[in-house]
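**Student:**
2 protein chains.
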Amino acid sequence: MRVLITGAAGMIGRKLTESIVRQGHLGGREVTALDLTDVVAPTPPEGAPEGLREAADISAPDTAARLIGRRPDVIVHLAAIPSGGAEEFFEKGYAVNFDGTRFLLEAIRAEGLAEPYCPKVVFSSTIAVFGAPFPDRIGDEFICAPLTSYGAQKVMGEMLVCDYTRRGFLDGIAIRLPTICIRPGKPNLAASGFFSNILREPLAGRPANLPVAEDVRHWFASPRAAVGFIHHAVEMDLTRLGPRRAINMPGLSATVTEEIEALRRVAGEKAVALITREPDPAIIEIVAGWPRDFHPRRALDLGFRAERSFDEIIRAHIEDELGGEIPVNA
Amino acid sequence: MRVLITGAAGMIGRKLTESIVRQGHLGGREVTALDLTDVVAPTPPEGAPEGLREAADISAPDTAARLIGRRPDVIVHLAAIPSGGAEEFFEKGYAVNFDGTRFLLEAIRAEGLAEPYCPKVVFSSTIAVFGAPFPDRIGDEFICAPLTSYGAQKVMGEMLVCDYTRRGFLDGIAIRLPTICIRPGKPNLAASGFFSNILREPLAGRPANLPVAEDVRHWFASPRAAVGFIHHAVEMDLTRLGPRRAINMPGLSATVTEEIEALRRVAGEKAVALITREPDPAIIEIVAGWPRDFHPRRALDLGFRAERSFDEIIRAHIEDELGGEIPVNA
Numbered sequence: 001m002r003v004l005i006t007g008a009a010g011m012i013g014r015k016l017t018e019s020i021v022r023q024g025h026l027g028g029r030e031v032t033a034l035d036l037t038d039v040v041a042p043t044p045p046e047g048a049p050e051g052l053r054e055a056a057d058i059s060a061p062d063t064a065a066r067l068i069g070r071r072p073d074v075i076v077h078l079a080a081i082p083s084g085g086a087e088e089f090f091e092k093g094y095a096v097n098f099d100g101t102r103f104l105l106e107a108i109r110a111e112g113l114a115e116p117y118c119p120k121v122v123f124s125s126t127i128a129v130f131g132a133p134f135p136d137r138i139g140d141e142f143i144c145a146p147l148t149s150y151g152a153q154k155v156m157g158e159m160l161v162c163d164y165t166r167r168g169f170l171d172g173i174a175i176r177l178p179t180i181c182i183r184p185g186k187p188n189l190a191a192s193g194f195f196s197n198i199l200r201e202p203l204a205g206r207p208a209n210l211p212v213a214e215d216v217r218h219w220f221a222s223p224r225a226a227v228g229f230i231h232h233a234v235e236m237d238l239t240r241l242g243p244r245r246a247i248n249m250p251g252l253s254a255t256v257t258e259e260i261e262a263l264r265r266v267a268g269e270k271a272v273a274l275i276t277r278e279p280d281p282a283i284i285e286i287v288a289g290w291p292r293d294f295h296p297r298r299a300l301d302l303g304f305r306a307e308r309s310f311d312e313i314i315r316a317h318i319e320d321e322l323g324g325e326i327p328v329n330a
Numbered sequence: 001m002r003v004l005i006t007g008a009a010g011m012i013g014r015k016l017t018e019s020i021v022r023q024g025h026l027g028g029r030e031v032t033a034l035d036l037t038d039v040v041a042p043t044p045p046e047g048a049p050e051g052l053r054e055a056a057d058i059s060a061p062d063t064a065a066r067l068i069g070r071r072p073d074v075i076v077h078l079a080a081i082p083s084g085g086a087e088e089f090f091e092k093g094y095a096v097n098f099d100g101t102r103f104l105l106e107a108i109r110a111e112g113l114a115e116p117y118c119p120k121v122v123f124s125s126t127i128a129v130f131g132a133p134f135p136d137r138i139g140d141e142f143i144c145a146p147l148t149s150y151g152a153q154k155v156m157g158e159m160l161v162c163d164y165t166r167r168g169f170l171d172g173i174a175i176r177l178p179t180i181c182i183r184p185g186k187p188n189l190a191a192s193g194f195f196s197n198i199l200r201e202p203l204a205g206r207p208a209n210l211p212v213a214e215d216v217r218h219w220f221a222s223p224r225a226a227v228g229f230i231h232h233a234v235e236m237d238l239t240r241l242g243p244r245r246a247i248n249m250p251g252l253s254a255t256v257t258e259e260i261e262a263l264r265r266v267a268g269e270k271a272v273a274l275i276t277r278e279p280d281p282a283i284i285e286i287v288a289g290w291p292r293d294f295h296p297r298r299a300l301d302l303g304f305r306a307e308r309s310f311d312e313i314i315r316a317h318i319e320d321e322l323g324g325e326i327p328v329n330a
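Chains as they are written, first to last, in full-length UniProt numbering: chain H, 1 to 330; chain Z, 1 to 330.
Written out as structure tokens, the structure reads:
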């Protein structure tokens with residue numbers, strides 16, 4: 001089958017591409033063509049199936065028609081301006097996160113009007129569709145009341161995915177990803193960055209700052225789990241979801257203390273000693289408005305799986321990013 | 001102040017206009033200019049304040065700029081393709097119900113970029129933002145999972161109203177109206193039409209059919225209550241809502257039996273005898289997926305009020321539509 005990935009040069013996009021190339025399939029179905037697009041042209045690993053590698057702006061009205069004209073069987077729509085960017089650049093956020101999604105779905109509908117076509121669409125959504133106040137554990141029927149433009153744009157995209165699915169134009173699912181941890185790469189300035197920084201950096205022998213109290217609780221899944229969600233979404237019969245095609249993915253609810261204790265167990269005291277503790281009032285305030293825990297019953301019933309401990313999350317990072325070694329202990 | 005009403009020729013639009021002209025104010029604030037627009041040019045009652053009466057297509061990109069260029073202090077956005085129409089005409093539904101709303105909010109934002117401007121916006125939303133299955137009573141934190149394109153478009157509009165408000169571009173509220181009963185005028189083909197038909201027609205001495213079982217329960221407010229919600233929304237300090245600017249309006253949860261018993265009390269056996277009972281399987285199925293009851297705690301706390309019995313709803317109809325007389329008993 002032909003697969004299109006938007007946002008293919010991003011962190012999840014690259015990991016998904018690698019897993020497709022390594023396994024030869026996506027969700028159990030052989031991938032014979034792989035179209036990759038992002039704001040910069042993605043470079044797939046060696047051995048990738050043939051296909052487009054194109055720098056494209058999905059907020060431009062004719063990009064989607066060109067991509068969909070190749071009639072991919074599966075579309076994984078990851079492209080987005082992240083939360084901070086969508087907050088800073090109002091128009092660009094709506095253009096990419098909302099209009100880009102709508103153009104893509106409209107191109108699918110138009111393609112199907114010309115000749116029957118009903119591809120599977122996996123839309124990357126987020127727990128940022130929720131805004132405080134919320135219960136200690138957010139259930140599957142809790143209201144979407146985002147407190148960022150990014151969250152609003154994702155809810156609007158979810159509505160389109162559900163409505164276009166109900167209308168028979170496509171077969172869609174919107175997966176609401178937990179905060180991805182441990183994010184590989186360099187520390188970034190995202191308010192959530194420290195959750196990853198305080199594990200990734202000490203594992204590599206570098207210091208990292210914890211700007212909040214240790215009892216802060218949040219909702220996590222590893223990059224490996226996120227890629228697994230996408231495989232599972234492509235593999236499963238989406239009609240099992242009924243008309244509610246936007247669902248909370250499973251994750252791990254954990255405190256910073258639990259992160260640090262897992263780091264201690266996996267990498268020892270030397271790693272833990274690299275964590276500094278300088279409170280940052282701005283980050284403390286932002287994080288106070290974030291979800292702490294979910295009860296993702298539907299996703300679990302449907303067979304989606306995430307890590308069950310931070311030990312697992314850290315080990316996945318060591319295997320996937322560090323070649324099985326722990327530099328701080330080398 | 002200057003008020004703009006879109007959808008001013010519709011049922012709620014006309015009643016709102018009449019109440020403004022009769023009272024001279026909207027939500028306690030004097031109306032000195034009243035701009036009215038709809039797909040046909042609205043004709044206000046005599047004595048209406050000066051202002052635009054314009055046939056305009058709000059799904060055309062430059063309509064909104066022209067309307068907002070007059071810098072109304074309050075905008076009541078009622079214009080919409082109803083549920084059945086949005087289901088039948090996919091593109092037109094999105095164009096009017098979603099793009100029309102977005103153009104309006106974008107025109108407000110653009111106006112404010114040129115010179116400070118932050119009007120109050122009352123957006124007419126609907127209980128069609130909810131889709132089955134739901135609890136017997138829907139609370140203020142229940143998920144929006146519409147089962148119609150109309151419902152999806154309204155959720156998307158709500159998201160914009162909330163986000164544009166949070167950003168400071170406008171001061172918005174989305175009021176989710178119950179099913180309006182008794183709708184004046186002729187019986188229409190809407191699936192919900194019978195709820196009104198079985199009261200309005202017998203009151204006028206004409207027969208009407210009940211196509212569902214008497215134990216069907218649904219959620220109602222009179223046209224008078226709907227106009228009252230808008231007055232209250234304009235009167236109140238919307239910052240009391242916090243960032244969640246979309247709220248379920250109060251209403252009356254009642255069964256068809258309760259409708260009929262109220263009709264009997266208010267208009268007597270002769271009226272009730274005009275109700276025929278031919279089941280319609282299509283309507284039975286549609287209505288089974290509709291909300292039955294709400295617990296609109298936020299709206300009640302904020303002072304929104306609806307009727308508490310069908311007797312009140314029927315009496316409001318007799319006063320507002322029938323000049324205080326009951327034709328069937330004349």
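Glycine residues also receive a C-beta, built at the ideal position from the N, C-alpha and C atoms. Bear in mind the structure is a predicted one, so any value in this text is a computation, not a measurement.
On a CA-only basis, which of Z:Thr-257, Z:Val-272, Z:Ser-222, Z:Leu-263 is nearest Z:Met-249? Give me that one, please.
**Tutor:** Z:Ser-222
**Student:** Using the Cα positions of Z:Thr-101 and Z:Ile-58, report the straight-line distance between them to the nearest angstrom.
**Tutor:** Straight-line spacing of the CA atoms in Z:Thr-101 and Z:Ile-58 works out to 8 Å.
**Student:** Which class does Z:Thr-165 belong to by DSSP, given the choice of helix, strand or coil?
**Tutor:** helix
**Student:** Run the CB neighbour count on Z:Leu-113, radius 10 Å, all protein chains shown included, and call it buried at 16 or more, exposed below.
**Tutor:** exposed
**Student:** Please state the DSSP three-state secondary structure of H:Asn-188.
**Tutor:** coil
**Student:** According to DSSP, is H:Val-21 helix, strand or coil?
**Tutor:** The DSSP-derived three-state label of H:Val-21 is helix.
**Student:** Do Z:Glu-158 and Z:Ser-125 come within 8 Å of each other at the CB atom, strictly closer than that value?
**Tutor:** yes
**Student:** Residues in the segment 272-292 of chain H with C-beta within 7 Å of chain Z's C-beta atoms, listed in sequence order?
**Tutor:** none
**Student:** By the 10 Å Cβ neighbour count, where 16 or more other Cβ atoms means buried, how is H:Lys-270 classified, buried or exposed?
**Tutor:** exposed
**Student:** Looking at the C-beta of H:Pro-178, does it have a partner C-beta in chain Z at a distance below 8 Å?
**Tutor:** no
**Student:** Could you give the DSSP three-state label for H:Glu-30: helix, strand or coil?
**Tutor:** strand
**Student:** Take every Cβ of the segment 166-174 of chain H, pair it with every Cβ of the segment 115-124 of chain H, and state whether three or more of those distances are shorter than 8 Å.
**Tutor:** yes
**Student:** Take H:Leu-21 as the anchor and find which of H:Asp-293, H:Ile-284, H:Val-227, H:Val-287 has the nearest alpha-carbon.
**Tutor:** It is worth fixing the name first, because residue 21 of chain H is Val in this sequence and not Leu. Residue H:Val-227 is the option with its Cα nearest to H:Val-21.
**Student:** Helix, strand or coil for residue 332 of chain Z, going by three-state DSSP, please let me know.
**Tutor:** The structure shown does not extend to residue 332 of chain Z, since chain Z is modelled only from 1 through 330, so no value can be given for it.
**Student:** Just the C-alpha distance for H:Tyr-150 and Z:Glu-285, rounded to the nearest angstrom, thanks.
**Tutor:** 37 Å
**Student:** By alpha-carbon positions, which one of H:Asp-301, H:Arg-70, H:His-295, H:Val-266 ends up nearest to H:His-218?
**Tutor:** Closest option to H:His-218, Cα to Cα, is H:His-295.
**Student:** Check whether the Cβ of H:Ala-191 lies closer than 8 Å to any Cβ atom in chain Z.
**Tutor:** False, the Cβ-Cβ gap to chain Z never drops below 8 Å.
**Student:** If you draw a straight line from the C-alpha of Z:Cys-252 to the C-alpha of Z:Gly-7, how long is it?
**Tutor:** It is Leu, not Cys, that sits at residue 252 of chain Z in the sequence shown. Taking the straight line joining both Cα atoms gives about 25 Å.
**Student:** Report yes or no: do three or more beta-carbon pairs, one from the segment 259-268 of chain H and one from the segment 313-320 of chain H, lie closer than 8 Å?
**Tutor:** yes
**Student:** Report the option in Z:Leu-105, Z:Leu-52, Z:Arg-183 whose CA atom is closest to the CA atom of Z:Asp-320.
**Tutor:** Z:Arg-183
**Student:** Cα separation between Z:Pro-178 and H:Ala-246?
**Tutor:** Our two residues, Z:Pro-178 and H:Ala-246, have alpha carbons roughly 25 Å apart in a direct line.
**Student:** Let me see if you follow: with CB-CB separation under 8 Å, is Z:Arg-244 close to chain H or not?
**Tutor:** yes
**Student:** Beta-carbon of Z:Asp-163 versus every beta-carbon of chain H: anything under 8 Å?
**Tutor:** yes
**Student:** In whole angstroms, what is the alpha-carbon distance linking H:Lys-154 and Z:Phe-229?
**Tutor:** 30 Å
**Student:** What did DSSP end up calling H:Glu-201 once you bin it into helix, strand or coil?
**Tutor:** helix
**Student:** Once the 5 residues before and after Z:Ala-145 are set aside, which same chain residues still bring their CB inside 8 Å of it?
**Tutor:** Phe-130, Gly-131
**Student:** What span of residues does the beta strand (DSSP E) with Z:Gly-139 cover, start to end?
**Tutor:** No beta strand (DSSP E) contains Z:Gly-139, which DSSP labels as neither H nor E.
**Student:** So for H:Val-155, helix, strand or coil by DSSP?
**Tutor:** helix
**Student:** State the Cα-Cα distance for the pair H:Pro-202 and Z:Ile-81, rounded to the nearest angstrom.
**Tutor:** 58 Å
**Student:** Suppose you measure from the CA of H:Asp-215 to the CA of H:Val-287; what does that come to, to the nearest Å?
**Tutor:** The alpha-carbon atoms of H:Asp-215 and H:Val-287 are separated by roughly 12 Å.
**Student:** What's the gap between the Cα of H:Ala-199 and the Cα of H:Ala-306?
**Tutor:** Sequence inspection shows Leu at residue 199 of chain H; the Ala mentioned does not correspond to that position. The straight-line gap from Cα to Cα measures roughly 18 Å.
**Student:** Roughly how many whole angstroms lie between the Cα atoms of H:Leu-4 and Z:Ala-152?
**Tutor:** 26 Å
**Student:** Pull up the distance between the alpha-carbon of residue 332 of chain H and that of H:Arg-14, whole angstroms please.
**Tutor:** Given a span of 1 to 330 for chain H in the structure shown, any question on residue 332 of chain H remains unanswerable.
**Student:** How big is the Cα-Cα spacing for H:Leu-274 and H:Gly-185?
**Tutor:** Their Cα atoms are separated by approximately 18 Å.
**Student:** I need the DSSP call for Z:His-295, collapsed to helix, strand or coil.
**Tutor:** coil
**Student:** Taking DSSP as the reference, what is the three-state secondary structure of Z:Phe-304?
**Tutor:** coil
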